[in-house]
Structures are given as structure tokens and as C-alpha cells.
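Numbering (my numbering), first residue to last: 83 to 576.
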Amino acid sequence: MSAELPCCVVSVGAGAEPCSCSGVILCRGPGLVLCHAAVFSPFLQPGPEAWSRHQALPASVLLPGLRVRLLHAAPQLGAPPALQEHEAQPLGFARCQAFARALAGLAANWCGGGEDEGEAEQEAAAALPWFAWLRAPSLDVPGGGWTPWASAGDLHKGAALLACGSPFGALCPDLFLNTLSGGVLSNAAGEGNALLLTDARCLPGTQGGAVLLGPAASRPRVVAVIAAASCGAGGRGLALLCSLHAVLQSSRGLLRQLGEPPAPPAPLAAVPGAAALGCVALVESGGSWGSGTLLAPRLLLTCRHVLQAGTTPRVTLRPHGSRATVLQARLLFGAAEASPFDVAVLELQERAPGFQPPRLASAFQPGEAVLALGFGALGRACSPSVTGGVLSAVVGAPPVMLQSTCAVHPGSSGGPLLAASDGRLLGIVASNARDNAAGATYPHLNFCVPVTLLQPPLARYLRTRDPAAFAPLDAGDEGARAAWRLQQRPPSKL
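Laid out in C-alpha cells, this is it:
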């Protein structure tokens, strides 16, 4: 990406170690910077509890004499960008109401907010929907205008995103200023997708940084601001974002006082492969739940371990953002405990509404970009999440296992692994890697059952309607058993 990145570091306070975070330069005429407001928490005269009591705050709530500085990489003709420091004046603080409402609906499942939290965690949660506007006169450019931006409401899950921020804030900006990290839009919630999640790696200090459209965009367009570098229990590793459009909506009063209404958003093109995201379903069985993959109008594939014995599975479908449909299902086939393949086949009580048959892959290319879909990141609280990665390995000939680097979390089992380029169904997610001795889980190393293994019994069942068609999945040769037990393949006797 050759265009100038609209990001900077924001430092607040005096001394050798000021509080710092990332920021977005949103306008160059006049120079306006947006950052996350949490960096100002130690300097509020009423204390951090002010975040919980108001919808907007003036700059006068800050301690007098507070110094705010920006560090910006200014482009130079024929030379690397030069670091420049700018003085800035806080203009005010706005609470993004659409983001706060969406966050409240997910708090118990994702970002805490419970009674067991300490005071610091509660203060951080209260500051999460707040953003600060800064005025930097030395960033003014004659004829300068607003940084190009787009509405997150036009984004589809799986869209390529670039997170731009400065890890560790003001620490060593020569190395870390405006670091880029690629990922995809994993999930979204709220009005106009006010709250977003991405699997782009965002380290501490990148809060307030910009999230841009991915490499396919001809010019960087800001779609969101990083609200939390990482959040949620269990080390999910997803960054929490706030739609820029939602921030601008909540800041209308402040921007009106400046006389600088933002430029309209740029239109977005459709995301390739978005239609294939409708093949994933939520599977609930007793007290457990996981994901499933629709293969036919009444046929759904999931993992054996998702289902509890003696219970009637319940399948929830939400194709392409429409209202949820809940259907009962019956178990057609569940692989035996001795089978290397952790699969089960369910028959729905009626046809899935709006079903579009997925394209089934016939071959696999290690290194190709892939997407994993499932209910692992937010569980049942939201629609399925998407994480991106590559097909890291194809095990066996013919393949008996696929490995991917997508982030896979508990609840993702049974969800589809898709080719990012065209939405082909490559397989279903079975598990991620765990080190039981160390008690560690590795979400970015996971194992999938190849769809090529499932196609012959599926075709046989659709032709005969006999569940015995799936019996070959109980067999599996010794190589498949060794692979799924993570054991070394038996040596050749030749």
C-alpha cells in the first residue's frame, strides 16, 4: 500500500513515560485526529467514573495544563518518511452510542462486565465506547480535506481488512509507528455494523488506530477504529473495532461546532464468496453446542463430539442475515468412537430456507487462503464468526486431514472451511491443537476433515436414502488413524 497512512501516535501527559495510544488523522483542513479516549482516563478531573455518567464530555474536564502530542510520519520526496511531532488540543469526547448498545448485548459472552471484575477492569469497560477528538493546527494542509472513509455497514464477513496502529504506543516509534496487520472481518453487531471483530493481530498500544479496507482497495479507506487490541476470555485473539460511521454519528454536535461536516463515505464493492457463508449453522444438543455445515436442503454435517447421547439436536439457520430459523433434526449417522473421523450427519425436519448448495472442492492447494466459519468466537450470542488463514498442510494421499492457520475456538467444531477466493467447501473443522501436558491450546493450528472424504458416502446416501452409505467413514486405514491420533505413520515394510 503506497499511499500515505492516516495514522499517528497520541501521547498524553508530561514526563518520561506519558500515556499513549494510536490515532487516526481524519482531516487535514483543519487538522483533526480521532483516538480512543481511554488514554485520557488518568487525567479526568472527575475521575474515570465520568465515562459512566455522560454521553459527551467537553475538553474542560481534563486537568489544566495537560500536554498532548502527536507523532506523525510525514512523507518526503525521494526519501523515507520523517517523524514529526505536533502539539494538539483536545476538543471533546464522544460516547459512541450504537457501539455501546451492541457491546452491552455481547458483554456477558465476550468483554466481561461481570461482578467479579476488579475496579480497573470496570473502568476500562466504561471507557470502551468513548473516543477523543483532537485539533492539531500544524497538520493543516492548504486545500486539505477529509481522509477517505467507508461505511462498515456495507462490509460482509470475510472482507479483507488492514489494521494500522503503533504497537506499544510511543515506545520506539522508529520501529513500530504505523505497523500494518492483515485479517478479515470476523463478525459484526449493532446498527450499521457499529461493532466489529477482526482476526488481524492488534497489539497493546494500537487502540485508536485505523482499520482500512484490505489490499484490493486502490486507496486506503478507513472503515473502523480499534477499540480494544484484544478482548474476551480464553485468549481468542480477536480485536474489537468501532465503526467510524458510528463514531461520526455520535460526534455530530462537536463536528457541527467546528463547521467541518465529514465527507460522504465511499461506496464498496461486493465481497467475492460472500454467498457461501450461508452454509454454516448452529447445532445445539442438550447442554452443548457447536457448528454445522449444510450439504443439502435437509442434510447437515457436524462433529460427533458436538452431540450428546439421548438428546434431539436443534439446528439454527440464519442465511445471509435473515431472521433465524430453528429446526429439529435427527441423527442419521454418528461415527464410532474408534473411527478416526469425528463426524456426524443430521437430517433436518424440513428444508433449510434459502439453501444454496456449496461448491465442493475436488483438490487442495497448500498455501491457498481459506476462511473458517463457526460459532466459536461469540458462541450463540451472535451470528457465525469468520477467521482467515491459509491451508497449511494436506495430510495423506488421498487426503485424510487438512490443517489450517485460521483461528478456531471452542464451538467452531463442525463448521466449514472455505476457499477464500471462490467459497469452495474444502472440509469441516474438527478440532484445534492442544498440549494437554502444558494446558495450552493453539487456535491457529487446527485440523479439518477433507470434503473429498465425505463426497462418496454423501452421493451414495442421496441416491439410496440408506444411512448405511456413511459406514465407510467408520473404517479408515491405519494412516488415517495415525494422523488423527497425532501419531507417526507406521513404517513401510518394504
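Note that CB positions come from ideal geometry on N, CA and C, so glycine has one too.
In its own chain, which residues sit with a C-beta less than 8 Å from the C-beta of residue i, not counting the 5 before and 5 after it?
i           : result
residue 412 : 394, 395, 428, 429, 431
residue 554 : 538, 539
residue 447 : 473
residue 562 : 422, 423, 478, 482, 483
residue 148 : 94, 95, 125, 172
residue 157 : 86, 163
For residue i, is the classification buried or exposed, using 16 other Cβ atoms within 10 angstroms of its Cβ as the cut-off for buried?
i           : result
residue 269 : buried
residue 519 : exposed
residue 532 : buried
residue 408 : exposed
residue 303 : buried
residue 360 : buried
residue 134 : exposed
residue 440 : buried
residue 165 : exposed
residue 392 : exposed
residue 495 : buried
residue 521 : exposed
Can you give the Cα-Cα distance for residue i and residue j, rounded to whole angstroms?
i           : j           : result
residue 105 : residue 256 : 16 Å
residue 546 : residue 348 : 52 Å
residue 226 : residue 382 : 55 Å
residue 480 : residue 535 : 8 Å
residue 113 : residue 242 : 29 Å
residue 418 : residue 564 : 16 Å
residue 416 : residue 515 : 23 Å
residue 511 : residue 259 : 37 Å
residue 490 : residue 499 : 11 Å
residue 320 : residue 203 : 18 Å
residue 93  : residue 228 : 23 Å
residue 125 : residue 216 : 15 Å
residue 425 : residue 237 : 33 Å
residue 102 : residue 121 : 6 Å
residue 194 : residue 200 : Confidence in residue 194 is poor, its pLDDT being 46 and thus under 50, which makes the residue's placement unreliable; the coordinate value appears in the next sentence. Going from the Cα of residue 194 to the Cα of residue 200 covers about 11 Å.
residue 276 : residue 504 : 27 Å
residue 230 : residue 350 : 12 Å
residue 549 : residue 398 : 23 Å
residue 220 : residue 178 : 27 Å
residue 146 : residue 100 : 16 Å
residue 263 : residue 386 : 36 Å
residue 218 : residue 469 : 37 Å
residue 330 : residue 232 : 12 Å
residue 130 : residue 123 : 5 Å
residue 295 : residue 506 : 23 Å
residue 502 : residue 265 : 12 Å
residue 335 : residue 161 : 41 Å
Of the residues the options, which one's Cα is nearest the Cα of residue i?
i           : options            : result
residue 312 : 328, 206, 276      : 206
residue 213 : 542, 333, 561      : 333
residue 559 : 530, 542, 423      : 423
residue 224 : 168, 149, 109      : 109
residue 513 : 455, 93, 549, 443  : 455
residue 116 : 496, 371, 337      : 337
residue 475 : 170, 497, 527      : 527
residue 150 : 128, 91, 222       : 91
residue 154 : 251, 146, 188      : 251
residue 467 : 211, 280, 342      : 280
residue 464 : 487, 406, 443      : 406
residue 167 : 497, 291, 132, 152 : 152
residue 530 : 524, 506, 497      : 497
residue 485 : 345, 410, 566      : 566
residue 342 : 111, 291, 88       : 111
residue 222 : 443, 161, 107      : 107
residue 442 : 420, 487, 488, 509 : 509
residue 208 : 521, 132, 335, 414 : 132
residue 239 : 88, 170, 362       : 362
Leaving out five residues on either side along the sequence, give the residues of the same chain with a beta carbon under 6 Å from the beta carbon of residue i.
i           : result
residue 557 : none
residue 390 : 367, 368, 370
residue 543 : 551
residue 344 : 228, 330
residue 487 : 471, 472, 474, 526
residue 283 : 263
Below 7 Å CB to CB, which residues in the same chain sit around residue i once its five sequence neighbours on both sides are set aside?
i           : result
residue 379 : 433, 434, 437
residue 306 : 234, 278, 293, 323, 324, 325, 326
residue 272 : 180, 181, 183, 184
residue 261 : 247, 248, 249
residue 128 : 143
residue 493 : 371, 372, 373, 456, 457, 458, 461
residue 309 : 118, 210, 289, 322, 323, 324
- Query: Would you call the segment 170-186 and the segment 127-141 touching, i.e. three or more CB-CB distances under 8 Å?
  - Reply: The segment 170-186 makes contact with the segment 127-141; the number of CB pairs closer than 8 Å reaches 3 or more.
- Message: Below 8 Å, how does it come out for the segment 245-256 and the segment 277-294: are there three or more Cβ pairs, yes or no?
- Response: Remark: three or more beta-carbon pairs, one from each stretch, lie closer than 8 Å, so the segment 245-256 and the segment 277-294 are flagged as touching.
- Is the segment 440-455 in contact with the segment 363-372, if contact means three or more CB pairs nearer than 8 Å? No: the two stretches stay apart, fewer than three of their Cβ pairs being nearer than 8 Å.
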